[in-house]
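In our numbering, the protein residues as written are 3 to 268.
The beta-carbon is built from N, C-alpha and C at its ideal position, and this holds for glycine as well.
Worksheet: the structure to be examined is printed underneath.
Right, dumping it as structure tokens:
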């Protein structure tokens with residue numbers, strides 16, 4: 003490799019050097035930039051490694067699916083913990099090549115996909131890996147064995163019920179501790195809220211509200227979905243400027259909601 007090559011492809015070379023930790027080449031490729039070598043080289047390497055790991059982990063987690071931490075199964079939580087540990091090592095220690103993180107992370111992803119496939123094909127395997135839901139309350143009666151097998155105290159169960167707006171055990175028909183650790187509560191029929199169907203009423207369908215303007219910017223994808231032109235949108239706003247709008251939504255029933263920015267609503 004000659005010096006002119008590095009001069010023409012300096013950005014690529016710096017990125018490659020920082021990722022691979024090739025010190026000898028770094029001195030040749032950026033010799034005319036001593037500040038970068040002596041002062042900024044280490045920090046740039048850390049920044050580029052962090053950027054690479056962040057993009058790679060985001061891609062891996064996107065493939066594995068969207069879930070909140072509280073909704074993770076046991077195997078998924080173990081996977082998330084391993085991914086965070088493996089990704090941190092090459093960022094903190096530049097002597098560790100990035101491939102030492104990429105290969106294990108990819109392998110863990112493949113194991114997670116294989117585990118999900120096995121659980122879908124073999125119900126018994128799913129019970130072994132993910133466990134089964136636990137009935138903690140049945141017809142208002144507490145199951146003590148199931149409660150302690152789940153490592154929950156009565157006080158903790160009552161706290162979980164209060165978070166579900168349930169004030170007393172006697173109101174509960176079933177309380178089930180799901181595999182992901184969340185509590186599902188089904189009230190007794192006579193304690194459940196009254197619905198329009200119970201009163202022989204047919205409520206008007208409002209539908210989902212879609213944002214047409216957010217923070218003074220038009221959402222053209224929703225405009226196209228609702229078959230509304232930009233000209234028609236401006237006509238709806240009247241004298242209100244688009245830049246003054248914090249949020250403007252329209253639901254399936256055609257109802258509009260306009261919220262102006264604070265400095266414009268006074």
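Pop quiz: residue i and residue j are said to be a contact at Cβ under 8 Å. What is the actual Cβ separation, rounded to whole angstroms?
| i | j | result |
| --- | --- | --- |
| residue 220 | residue 214 | 7 Å |
| residue 104 | residue 85 | Contact flag wrong, Cβ pair sits at about 12 Å. |
| residue 252 | residue 262 | Wrong, their Cβ atoms sit about 16 Å apart, outside the cutoff. |
| residue 111 | residue 62 | 5 Å |
| residue 142 | residue 185 | Not confirmed; about 16 Å, so no contact. |
| residue 167 | residue 190 | That belief does not hold up - the Cβ atoms of residue 167 and residue 190 are roughly 14 Å apart, past 8 Å. |
| residue 179 | residue 152 | 5 Å |
| residue 135 | residue 181 | 6 Å |
| residue 225 | residue 235 | 7 Å |
Considering only DSSP beta bridges, list what residue i is partnered with.
| i | result |
| --- | --- |
| residue 262 | 247 |
| residue 143 | 140 |
| residue 177 | 139 and 187 |
| residue 1 | Since the displayed the chain opens at 3 and closes at 268, residue 1 lies outside it and no answer follows. |
Counting C-beta neighbours from all protein chains within 10 Å, is the total for residue i 16 or more, i.e. buried, or is it exposed?
| i | result |
| --- | --- |
| residue 150 | exposed |
| residue 257 | exposed |
| residue 91 | exposed |
| residue 250 | buried |
| residue 177 | buried |
| residue 199 | exposed |
| residue 89 | buried |
| residue 51 | buried |
| residue 109 | exposed |
| residue 54 | buried |
| residue 57 | exposed |
| residue 35 | Because the pLDDT at residue 35 is just 47, under 50, the model does not fix this residue reliably, and the value given afterwards should be weighed accordingly. The residue in question, residue 35, is exposed, as its Cβ has fewer than 16 Cβ neighbours within 10 Å. |
| residue 188 | exposed |
| residue 265 | exposed |
| residue 159 | buried |
| residue 163 | buried |
| residue 146 | exposed |
| residue 1 | Any property of residue 1 remains undetermined from this structure, which presents the chain solely from 3 to 268. |
| residue 114 | buried |
| residue 25 | With a pLDDT of 40 at residue 25, under the threshold of 50, the modelled position of that residue is not reliable, and the figure given next carries that caveat. Residue 25 comes out exposed. |
Please state whether DSSP places residue i in a helix, a strand or coil.
| i | result |
| --- | --- |
| residue 256 | coil |
| residue 236 | helix |
| residue 95 | coil |
| residue 153 | coil |
| residue 84 | helix |
| residue 194 | coil |
| residue 134 | coil |
| residue 106 | helix |
| residue 166 | coil |
| residue 54 | helix |
| residue 230 | coil |
| residue 125 | helix |
| residue 242 | coil |
| residue 41 | Confidence at residue 41 is low in this model, with a pLDDT of 41, below 50, so its placement is unreliable and the value that follows should be read with caution. Note: residue 41 maps to helix in three-state DSSP. |
| residue 171 | helix |
| residue 25 | Bear in mind that the predicted position of residue 25 carries a pLDDT of just 40, short of 50, making it unreliable; the figure below should be weighed with that in mind. Correct three-state label for residue 25: helix. |
| residue 59 | helix |
| residue 160 | helix |
| residue 113 | helix |
| residue 203 | coil |
| residue 100 | coil |
For the candidate residues the options, whose alpha-carbon lies nearest to that of residue i?
| i | options | result |
| --- | --- | --- |
| residue 131 | 237, 140, 137 and 120 | 120 |
| residue 260 | 81, 116, 175 and 217 | 217 |
| residue 254 | 239, 209, 245 and 226 | 209 |
| residue 183 | 194, 138, 49 and 205 | 138 |
| residue 194 | 211, 173 and 204 | 173 |
| residue 81 | 97, 94, 98 and 116 | 116 |
| residue 230 | 212, 242 and 241 | 212 |
Should residue i be listed as close to the ligand GDP, given that the test is whether its C-beta is under 8 Å from any heavy atom?
| i | result |
| --- | --- |
| residue 134 | In the structure on display, the ligand GDP does not appear, and there are no ligands present to speak of. |
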